[in-house]
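Chains as they are written, first to last, in the numbering used here: chain A, 12 to 419; chain B, 12 to 419.
Number of protein chains: 2
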Amino acid sequence: MSEQFPWVEGGVVAAQGFKASGEHLGIRKNRSKRDTALIVSDVPCAAACCYTRNLVQGAPLAVTRANVADGHARAIICNSGNANTCNANGVEIAQGMCALVERHTGVPAGDVIVASTGVIGQEMTLEPFENGMAALAAALRPEGGHDAAEAIMTTDTVAKEVAVRFTLDGREGRLGGISKGSGMIHPNMATMLCFLTTDAAIAPACLQQALDGVVKDTFNMLSIDGDTSTNDMVSVLANGAAGNAEITGPGADYDTFAQALYQVCAKLCRIMAKDGEGATKLLTCTVTGAADTGAAKLVAKSVICSSLLKAAIFGADANWGRVLCAIGYSGAQLDVSRIDVQFVSRAGIIPVCTAGSGIPFDEAAAKRVLSEDEIDVSVQLNSGKASSVAWGCDLTYDYVKINGDYRT
Amino acid sequence: MSEQFPWVEGGVVAAQGFKASGEHLGIRKNRSKRDTALIVSDVPCAAACCYTRNLVQGAPLAVTRANVADGHARAIICNSGNANTCNANGVEIAQGMCALVERHTGVPAGDVIVASTGVIGQEMTLEPFENGMAALAAALRPEGGHDAAEAIMTTDTVAKEVAVRFTLDGREGRLGGISKGSGMIHPNMATMLCFLTTDAAIAPACLQQALDGVVKDTFNMLSIDGDTSTNDMVSVLANGAAGNAEITGPGADYDTFAQALYQVCAKLCRIMAKDGEGATKLLTCTVTGAADTGAAKLVAKSVICSSLLKAAIFGADANWGRVLCAIGYSGAQLDVSRIDVQFVSRAGIIPVCTAGSGIPFDEAAAKRVLSEDEIDVSVQLNSGKASSVAWGCDLTYDYVKINGDYRT
Numbered sequence: 012m013s014e015q016f017p018w019v020e021g022g023v024v025a026a027q028g029f030k031a032s033g034e035h036l037g038i039r040k041n042r043s044k045r046d047t048a049l050i051v052s053d054v055p056c057a058a059a060c061c062y063t064r065n066l067v068q069g070a071p072l073a074v075t076r077a078n079v080a081d082g083h084a085r086a087i088i089c090n091s092g093n094a095n096t097c098n099a100n101g102v103e104i105a106q107g108m109c110a111l112v113e114r115h116t117g118v119p120a121g122d123v124i125v126a127s128t129g130v131i132g133q134e135m136t137l138e139p140f141e142n143g144m145a146a147l148a149a150a151l152r153p154e155g156g157h158d159a160a161e162a163i164m165t166t167d168t169v170a171k172e173v174a175v176r177f178t179l180d181g182r183e184g185r186l187g188g189i190s191k192g193s194g195m196i197h198p199n200m201a202t203m204l205c206f207l208t209t210d211a212a213i214a215p216a217c218l219q220q221a222l223d224g225v226v227k228d229t230f231n232m233l234s235i236d237g238d239t240s241t242n243d244m245v246s247v248l249a250n251g252a253a254g255n256a257e258i259t260g261p262g263a264d265y266d267t268f269a270q271a272l273y274q275v276c277a278k279l280c281r282i283m284a285k286d287g288e289g290a291t292k293l294l295t296c297t298v299t300g301a302a303d304t305g306a307a308k309l310v311a312k313s314v315i316c317s318s319l320l321k322a323a324i325f326g327a328d329a330n331w332g333r334v335l336c337a338i339g340y341s342g343a344q345l346d347v348s349r350i351d352v353q354f355v356s357r358a359g360i361i362p363v364c365t366a367g368s369g370i371p372f373d374e375a376a377a378k379r380v381l382s383e384d385e386i387d388v389s390v391q392l393n394s395g396k397a398s399s400v401a402w403g404c405d406l407t408y409d410y411v412k413i414n415g416d417y418r419t
Numbered sequence: 012m013s014e015q016f017p018w019v020e021g022g023v024v025a026a027q028g029f030k031a032s033g034e035h036l037g038i039r040k041n042r043s044k045r046d047t048a049l050i051v052s053d054v055p056c057a058a059a060c061c062y063t064r065n066l067v068q069g070a071p072l073a074v075t076r077a078n079v080a081d082g083h084a085r086a087i088i089c090n091s092g093n094a095n096t097c098n099a100n101g102v103e104i105a106q107g108m109c110a111l112v113e114r115h116t117g118v119p120a121g122d123v124i125v126a127s128t129g130v131i132g133q134e135m136t137l138e139p140f141e142n143g144m145a146a147l148a149a150a151l152r153p154e155g156g157h158d159a160a161e162a163i164m165t166t167d168t169v170a171k172e173v174a175v176r177f178t179l180d181g182r183e184g185r186l187g188g189i190s191k192g193s194g195m196i197h198p199n200m201a202t203m204l205c206f207l208t209t210d211a212a213i214a215p216a217c218l219q220q221a222l223d224g225v226v227k228d229t230f231n232m233l234s235i236d237g238d239t240s241t242n243d244m245v246s247v248l249a250n251g252a253a254g255n256a257e258i259t260g261p262g263a264d265y266d267t268f269a270q271a272l273y274q275v276c277a278k279l280c281r282i283m284a285k286d287g288e289g290a291t292k293l294l295t296c297t298v299t300g301a302a303d304t305g306a307a308k309l310v311a312k313s314v315i316c317s318s319l320l321k322a323a324i325f326g327a328d329a330n331w332g333r334v335l336c337a338i339g340y341s342g343a344q345l346d347v348s349r350i351d352v353q354f355v356s357r358a359g360i361i362p363v364c365t366a367g368s369g370i371p372f373d374e375a376a377a378k379r380v381l382s383e384d385e386i387d388v389s390v391q392l393n394s395g396k397a398s399s400v401a402w403g404c405d406l407t408y409d410y411v412k413i414n415g416d417y418r419t
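#1: DSSP three-state label for residue 407 of chain A, please.
#2: Excluding five sequence neighbours on each side, which residues of the same chain lie with their C-beta closer than 8 Å to the C-beta of residue 408 of chain B?
#3: Give, in chain order, every residue of the region 88 to 101 of chain A whose Cβ lies closer than 8 Å to some Cβ of chain B.
#4: Can you tell me whether residue 15 of chain A is buried or exposed, with buried defined as 16 or more other CB within 10 angstroms of its CB?
#5: May I have the straight-line CA-CA distance separating residue 58 of chain A from residue 185 of chain A, to the nearest angstrom?
#6: Tell me residue 90 of chain A's beta-bridge partners as DSSP assigns them.
#7: When you compare the CB of residue 65 of chain B with every CB in chain A, is at least one pair closer than 9 Å?
#8: Excluding the 5 residues flanking residue 378 of chain A on each side, which residues of the same chain have their C-beta closer than 7 Å to its C-beta?
#9: For residue 404 of chain A, tell me which candidate among A:64, A:381, A:392 and A:105 has the shortest Cα-Cα distance.
#10: Ends of the alpha helix (DSSP H) at residue 109 of chain A?
#11: What does residue 133 of chain A reach in chain B if we use C-beta pairs closer than 9 Å?
#12: Against residue 339 of chain B, what residues of chain A qualify as contacts under a CB-to-CB distance less than 7 Å, listed in chain order?
#13: In three-state terms, what does DSSP make of residue 273 of chain B?
#14: Relative to the C-alpha of residue 383 of chain A, which residue among A:32, A:358 and A:297 is closest?
#15: Using 9 Å as the threshold, is the C-beta distance between residue 301 of chain A and residue 398 of chain A below it?
#16: Counting along the chain, where does the beta strand (DSSP E) carrying residue 244 of chain B start and finish?
#17: Please confirm whether residue 323 of chain A has its beta-carbon closer than 9 Å to some beta-carbon of chain B.
#18: Give the C-beta separation of residue 332 of chain B and residue 130 of chain A to the nearest angstrom, bearing in mind that I take them to be a contact with Cβ-Cβ under 8 Å.
#19: Shorter than 9 Å from the beta carbon of residue 191 of chain B to some beta carbon of chain D?
#20: So what does DSSP say about residue 201 of chain A, is it helix, strand or coil?
#21: Per DSSP, what are the beta-bridge partners of residue 152 of chain A in this structure?
#22: Using 9 Å as the threshold, is the C-beta distance between residue 296 of chain A and residue 363 of chain A below it?
#23: Just to confirm, does residue 380 of chain A get its C-beta within under 8 Å of one of the non-hydrogen atoms of the ligand GDP?
#24: For residue 414 of chain B, go through chain A and note every residue whose CB falls closer than 7 Å to its CB, in chain order.
#25: Under 8 Å: do the region 33 to 48 of chain B and the region 361 to 375 of chain B share three or more Cβ pairs, one atom per stretch?
#26: Residues in its own chain within less than 7 Å of residue 95 of chain B by CB, not counting five upstream and five downstream?
#27: Which word fits residue 346 of chain B, buried or exposed, when buried means at least 16 other C-beta atoms lie within 10 angstroms of its C-beta?
#28: Taking the C-alpha atoms as reference points, what is the distance between residue 82 of chain B and residue 350 of chain A?
#29: Select from B:156, B:149, B:258 and B:229 the residue whose C-alpha is nearest the C-alpha of residue 180 of chain B.
#30: Are the CB atoms of residue 26 of chain A and residue 243 of chain A within a distance shorter than 9 Å?
#31: If you draw a straight line from the C-alpha of residue 160 of chain B to the C-alpha of residue 267 of chain B, how long is it?
#32: Given a cut-off of 9 Å, decide if residue 90 of chain B and residue 420 of chain B are closer than it, judged by their beta-carbon atoms.
#33: DSSP beta-bridge partners for residue 56 of chain B?
#34: Which one of B:20, B:62 and B:353 has the shortest CA to CA distance from residue 205 of chain B?
#35: With 16 as the cutoff for other CB atoms within 10 Å, does residue 371 of chain B come out buried or exposed?
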């Protein structure tokens with residue numbers, strides 16, 4: 012799908028009727044790092060979430076599940092620096108965070124989406140929230156999206172926020188979001204934290220359906236390191252401030268909304284993959300000519316997950332045999348003798364494999380193509396019409412460095 | 012299973028009636044590196060093989076499959092430096108290698124197991140074999156096992172050979188082998204090259220059954236980097252020189268043989284994992300208390316495959332949350348609230364998680380335990396009686412370095 016909607020500023024508060032803030036509450040030792048984000052809608056919202064499928068789940072996810080079971084929510088609270096996972100009193104802490112949001116914003120605790128990200132299995136107390144929630148609530152403003160984006164960062168090196176505008180039912184609507192995620196990211200789950208807001212009016216069931224569909228093609232096609240986090244979720248709040256007739260089922264408005272949601276989420280995937288822990292390059296795999304979408308996805312994910320290929324891409328080494336190898340163990344049924352592969356970047360296109368066998372190529376030209384910071388591995392299976400794309404990054408010394416001593 | 016049989020010298024030629032050699036034939040540029048191994052039995056052998064399940068398979072595997080279809084073989088030829096995979100004329104080359112073995116040793120081409128390992132998709136010619144096979148055959152000797160072990164090394168830093176002796180039917184038998192494998196190693200396949208020989212007399216069907224069973228618990232529980240190679244296989248030749256009554260079905264002799272085969276293969280797994288590309292540490296995961304063996308294996312493999320845990324082990328960081336995370340996404344059904352985890356090494360035992368939640372531990376003591384070069388992550392699921400072990404290694408700067416520019 013193309014980028015058909017215009018980008019706008021504002022990220023998670025681009026849509027009308029949302030305010031955000033991000034402050035240092037003391038979960039992190041570094042006083043210059045914001046560690047808690049708050050996002051609040053002026054009015055109740057339709058809400059939808061997708062959660063990690065890891066059996067070990069952070070306590071905040073259980074609390075959020077309960078709070079959005081009725082399809083509605085109005086606020087989001089998220090801290091970084093501690094995942095509140097594998098803690099005996101985790102649910103109590105997460106509920107306490109929601110209660111503090113209620114006390115300082117008036118949003119009922121049962122309408123709060125709560126999330127935590129950071130180290131797993133480290134004791135967490137309510138104290139920083141008790142001391143800091145008043146200031147966090149007081150800082151809420153329509154321009155606070157960037158502060159919130161900063162507050163949820165862990166090993167991320169850039170704040171991640173995008174938004175688009177679109178027309179629904181003759182009214183201008185906006186949809187934007189922030190996300191964090193740099194490590195412990197792997198497909199088949201809602202694999203990071205992403206908070207989206209929109210002023211479109213859309214029924215909760217439609218919102219959930221749109222989110223489920225888009226997550227399959229975006230965040231579930233993103234892998235930094237093959238590790239599926241315990242805490243991750245994607246949530247979207249829709250407050251209806253755009254004034255369009257509420258979307259309650261299939262139709263042109265639903266399609267427009269789903270397309271805008273895809274555009275925002277796909278862009279966040281690119282940004283997250285490129286900012287993967289230690290990454291120097293965005294690595295995408297575009298698969299075309301697959302017999303079905305399932306096969307296309309298996310192949311695309313397998314290629315961007317290969318440690319060997321990721322290391323080769325770091326070294327700008329056109330070791331395409333590793334692409335074939337990853338296709339072969341992807342689990343997709345396919346005819347190896349039909350596979351064509353080429354490396355693509357701003358610097359050019361290098362075909363390296365035709366009909367499953369190597370072809371001669373200019374090593375110096377390949378080096379130039381692979382020295383760019385955005386590399387696509389283009390795989391043509393020549394077996395059908397389905398296609399897919401997956402996002403990843405290279406494997407570098409810095410990934411090892413960052414994760415060799417993350418806690419200290 | 013314990014190490015009940017005495018270790019003996021000789022590796023792949025420890026068993027009576029086998030000769031081996033390893034020479035530089037010119038597949039590799041470095042003239043001081045042996046690049047081709049030859050192993051020959053004095054008489055025809057029962058033969059069994061397991062192959063990679065990657066759909067992209069090296070041409071030698073197709074030729075070997077055909078040659079051992081009758082359950083018999085007598086020689087093994089294996090080169091390193093070129094995988095002979097994704098080459099248009101690959102089968103022709105592999106058949107040519109077998110024909111040259113026949114010409115210079117008298118072993119029929121149809122009784123030759125052929126293997127190649129190295130870069131995928133690089134053109135390969137018969138020329139080095141045409142020029143060098145006579146010398147390789149002339150070098151065959153009962154003490155040539157180490158030369159053969161060296162000749163199949165790629166990024167391996169140590170030659171890998173072990174052997175045991177045992178008693179069958181009142182006769183002393185021996186079983187030994189060599190293996191190579193340092194990268195592109197991942198469970199659920201015959202995931203490297205391993206050539207085993209024995210002088211036990213055993214029928215081909217029993218030999219295949221024993222190999223299939225042992226591979227499931229050994230090489231399929233070994234992962235260096237999550238990449239499943241295109242070329243890998245395990246083969247065993249049994250020439251009957253020990254003089255025992257041929258093993259043709261279940262019984263004490265079959266059990267003894269299978270146990271010896273397990274001991275040799277498990278030891279080779281440890282050696283390979285510890286010599287994983289860039290590895291500084293052997294990382295094992297021992298799972299006990301699982302509801303069934305399938306669950307135990309899923310958990311053990313998931314833990315040793317986690318890039319995040321592997322990096323933490325490199326940094327001697329007791330980041331046990333990553334263990335819980337990997338257990339949670341393993342695919343095994345389990346009760347998270349029953350899980351106990353401890354780190355174990357020569358330096359001590361550090362319990363870090365009880366009943367799914369963190370417990371306080373001494374960070375300095377944990378650092379000492381994790382600074383050893385063999386670390387076991389011990390996971391007690393408290394849900395049954397099944398157990399499993401998996402072998403892996405840490406993720407280091409050198410893994411990235413080795414694979415960032417492997418071809419040049």
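Backbone N, C-alpha and C fix where the C-beta goes; we use that ideal spot for every residue, glycine too. Note that this is a predicted model, so its numbers are computed, not measured.
Once the coordinates are examined:
#1: coil
#2: 289
#3: 94, 96, 97, 98 and 99
#4: exposed
#5: 16 Å
#6: A:47 and A:127
#7: yes
#8: 327
#9: A:381
#10: 101 to 116
#11: 332 and 369
#12: 65, 66, 67 and 241
#13: helix
#14: A:358
#15: yes
#16: 244 to 249
#17: yes
#18: 6 Å
#19: Absence of chain D from the displayed structure is noted, the protein chains being A and B.
#20: Its pLDDT being 33, under 50, residue 201 of chain A is placed unreliably by the model, and nothing is read from it.
#21: A:31
#22: no
#23: As far as ligands go, the structure on display features none, and thus does not contain the ligand GDP.
#24: 319, 322 and 323
#25: no
#26: 69, 70, 71, 101, 104, 105, 127 and 135
#27: exposed
#28: 34 Å
#29: B:258
#30: no
#31: 26 Å
#32: Residue numbering for chain B in the displayed model covers 12 to 419; residue 420 of chain B lies beyond these limits and cannot be assessed.
#33: B:84
#34: B:62
#35: exposed
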